[in-house]
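*Asks:* The structure's right below; bear with me while I get my questions together.
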């Protein structure tokens with residue numbers, strides 16, 4: 012439709028502008044709380060949510076889904092921290108693991124190690140991933156190859172059917188809004204409106220114009236909850252055209268709900284303030 016928002020208009024935030032604003036927010040938070048923002052950045056929490064999924068088949072009710080996004084392995088987010096998050100996730104024994112992109116920051120040399128670490132994730136119904144803008148900035152081709160080497164299935168503009176008894180559930184993913192050309196129709200393929208489909212999109216803004224009624228739930232990351240949230244002021248950086256709508260947690264897009272994880276790592280300065288990193292465990296009903 013002609014009046015639908017352009018998904019790329021006004022959202023290509025440059026690295027320089029993004030990091031400048033993040034640094035200003037981090038400096039303010041550090042002044043306010045001393046070393047606390049550095050500590051909070053590694054104070055990961057578990058967020059458990061039960062989410063009603065339209066059209067979810069009976070045999071998939073109670074499905075547990077671990078969702079990890081924005082690990083941002085690099086000079087400020089080390090493998091020891093990431094491995095602890097992965098061990099914690101495995102201890103939850105999820106049925107399914109979904110990975111929301113931005114696994115690396117600053118240099119492609121970090122891609123192989125973080126993909127190898129994520130390869131330790133375990134889930135009987137599979138481990139599926141999409142890429143984020145940072146992955147493509149640092150080396151999308153390398154990231155695709157390393158995810159494959161680690162045994163993680165990339166679902167960029169494609170999907171798979173999970174089956175239990177006579178029921179089926181579509182798990183699909185789309186390319187990153189800023190750095191790829193996401194194609195939801197291709198990802199959903201032969202899904203019908205009576206089916207349930209869970210779609211992973213790194214950037215939640217994509218839900219504002221991809222209004223396919225076959226989607227039951229979208230999972231996203233990217234916004235980090237703002238990462239640095241100053242009381243009385245709000246988030247210093249939110250890379251979204253829609254303000255705080257997709258900062259974190261469950262939001263309602265025009266056609267379906269979107270759950271936005273606040274991320275495991277940090278982007279830019281290695282600080283968080285009033286916005287702890289999180290592993291997400293969803294129970295679908």
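Residue numbers (the working numbering): 12 to 296.
Where is the CB? At the ideal position from N, CA and C, for every residue including glycine.
Spatial neighbours of residue 155 within its chain, please: C-beta separation below 7 Å, excluding the five flanking residues on both sides.
*Replies:* Translated into the one-based positions of the chain shown, residue 155 becomes position 144. Cβ within range, chain order: 165.
*Asks:* If the criterion is Cβ atoms closer than 8 Å, does the pair residue 199 and residue 170 meet it?
*Replies:* For the purposes of this step, residue 199 is identified with residue 188 of the chain shown, where counting begins at 1. For the purposes of this step, residue 170 is identified with residue 159 of the chain shown, where counting begins at 1. Yes, they are a contact pair.
*Asks:* My guess is that residue 259 and residue 277 are in contact by the Cβ rule of under 8 Å, so how many angstroms apart are they, rounded?
*Replies:* The residue given as residue 259 occupies position 248 in the chain shown. The residue given as residue 277 occupies position 266 in the chain shown. Residue 259 to residue 277, Cβ: 14 Å. No contact.
*Asks:* Could you spell out where the beta strand (DSSP E) holding residue 290 opens and where it closes?
*Replies:* What you label residue 290 is simply residue 279 of the chain shown in a count that begins at 1. Following the DSSP letters along the chain, one finds residue 290 inside the beta strand (DSSP E) bounded by residues 289-295.
*Asks:* What does the alpha-carbon distance come out to for the pair residue 232 and residue 256?
*Replies:* Along the chain shown, one-based indexing puts residue 232 at 221. Along the chain shown, one-based indexing puts residue 256 at 245. Roughly 13 Å between the two C-alpha positions.
*Asks:* Spell out a yes or no on whether the region 106-116 and the region 196-214 are touching, meaning 3 or more CB-CB pairs, one atom from each, closer than 8 Å.
*Replies:* yes
*Asks:* Can you tell me whether residue 160 is buried or exposed? The criterion is at least 16 other CB atoms within 10 Å of its CB, across all chains shown.
*Replies:* Along the chain shown, read from residue 1 onward, the residue named residue 160 stands at position 149. Per the 10 Å Cβ criterion, exposed.
*Asks:* Go through its chain and collect everything with a Cβ distance to residue 158's Cβ below 6 Å, but skip five positions before and after it.
*Replies:* If you number the chain shown from 1, residue 158 lands on position 147. Result list for residue 158: 126, 140 and 165, in chain order.
*Asks:* DSSP on residue 129, reduced to helix/strand/coil?
*Replies:* Residue 129 sits at position 118 when you count from the first residue of the chain shown. In this structure, residue 129 counts as helix in the three-state DSSP scheme.
*Asks:* So, is residue 21 buried or exposed, given that buried needs 16 or more other C-beta atoms within 10 angstroms?
*Replies:* In the chain shown, counting from the first residue as 1, residue 21 sits at position 10. The predicted position of residue 21 is uncertain, since its pLDDT is 47 and thus under 50; a value taken from the coordinates is nonetheless stated next. The residue in question, residue 21, is exposed, as its Cβ has fewer than 16 Cβ neighbours within 10 Å.
*Asks:* Between the Cα of residue 174 and those of 135, 239, 77 and 281, spot the shortest distance and give me the residue it belongs to.
*Replies:* Position 163 of the chain shown, counted from the start, is the residue given in the question as residue 174. Answer by Cα proximity: 135.
*Asks:* Among the residues of its own chain, which have a CB less than 6 Å from the CB of residue 281, if the five just before and after it don't count?
*Replies:* Against the chain shown, residue 281 aligns to sequence position 270. Excluding positions up to five away in sequence, the list reads 52 and 87.
*Asks:* Less than 8 Å between the C-beta atoms of residue 105 and residue 76, yes or no?
*Replies:* Taking the first residue of the chain shown as position 1, residue 105 is located at position 94. Taking the first residue of the chain shown as position 1, residue 76 is located at position 65. Going by C-beta atoms, residue 105 is nearer than 8 Å to residue 76.
*Asks:* Suppose the cutoff is 6 Å on Cβ atoms and the five residues either side in sequence are ignored; what does the same chain contact list for residue 121 look like?
*Replies:* The residue labelled residue 121 in the question sits at position 110 within the chain shown. The residues 84, 85 and 115, in chain order, have a CB closer than 6 Å to that of residue 121 in the same chain once the five nearest residues on each side in sequence are set aside.
*Asks:* Taking Cβ to Cβ, would you say residue 221 is nearer than 8 Å to residue 195?
*Replies:* The residue given as residue 221 occupies position 210 in the chain shown. The residue given as residue 195 occupies position 184 in the chain shown. Their beta carbons are under 8 Å apart, which means residue 221 touches residue 195 by this criterion.
*Asks:* Between which residues of its own chain and residue 224 is the CB-CB distance below 7 Å, once the five residues before and five after are set aside?
*Replies:* Residue 224 sits at position 213 when you count from the first residue of the chain shown. Hits under 7 Å: 204 and 266.
*Asks:* Just grab the DSSP bridge partners of residue 178 for me.
*Replies:* By 1-based counting over the chain shown, the position of residue 178 is 167. Looking at the DSSP assignment, residue 178 forms a beta bridge with 175.
*Asks:* So the beta strand (DSSP E) residue 75 belongs to, where does it begin and stop?
*Replies:* As a position in the chain shown, residue 75 is number 64, starting the count at 1. Start and end: 74-79.
*Asks:* Give the DSSP-derived three-state secondary structure of residue 231 in the structure shown.
*Replies:* Walking along the chain shown from the start, residue 231 turns up at place 220. DSSP places residue 231 in strand when its eight states are reduced to three.
*Asks:* Within the same chain, show all residues whose beta-carbon is closer than 6 Å to that of residue 57, passing over the 5 residues directly before and after it, in chain order.
*Replies:* Translated into the one-based positions of the chain shown, residue 57 becomes position 46. Only 290 meet the Cβ criterion.
*Asks:* Report the three-state DSSP secondary structure of residue 268 (helix, strand or coil).
*Replies:* Here the question's residue 268 lines up with position 257 in the chain shown. Residue state, collapsed to three classes: strand.
*Asks:* With DSSP run on the structure shown, which of helix, strand or coil describes residue 164?
*Replies:* The sequence position of residue 164 within the chain shown is 153, counting from 1. Looking at residue 164 - three-state DSSP - the assignment turns out to be strand.
*Asks:* In the DSSP assignment, what residue or residues form a beta bridge with residue 138?
*Replies:* In the chain shown, residue 138 corresponds to position 127, counting from 1. Bridge partners of residue 138: 108.
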